[in-house]
Structures are given as structure tokens and as C-alpha cells.
Amino acid sequence: RNQPDDSGGLGLAIVRSIMQAHGGQVSVESNEAGTRFSLLFPLAKA
């Protein structure tokens, strides 16, 4: 993180907080092929 305008990942922390506030989850998986970000949203009650 050498660029002055680099947030250092603050956006992911914000996403995690919002998801948790709404009962959701965030997960991140990395391997040699790349990185996967998954968002799990709860189903709305009818």
C-alpha cells in the first residue's frame, strides 16, 4: 500500500459491518488463481 490514495482495505471493513447489521456474512478466499469475495444475504421474511 504505497499509493497515497490507497484506502488500505477500509471498504471491506465497511461492507462487513453493513452485512452484519443486516444479518448477512462476508467471506474471502484466495488461492493462486485469484481471490473470491462472497456475500451471503439472509432471505426476507414474507
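The opening position of the sequence shown corresponds to residue 410 in the numbering used here, with each subsequent residue numbered one higher.
The C-beta atom is built at its ideal place from N, Cα and C for all residues, glycine as well.
Fair warning: this is a prediction, and the values are worked out from it, not measured in the lab.
Check: Pair within 8 Å by beta-carbon distance, V435 and L419; Outcome: no
Check: Which listed residue (G432, V424 and V437) has its alpha carbon closest to that of A453; Outcome: G432
Check: Coil, strand or helix - G443 by DSSP; Outcome: strand
Check: Alpha-carbon spacing of R445 relative to A422, whole angstroms; Outcome: 16 Å
Check: L419 in three-state terms, based on DSSP; Outcome: helix
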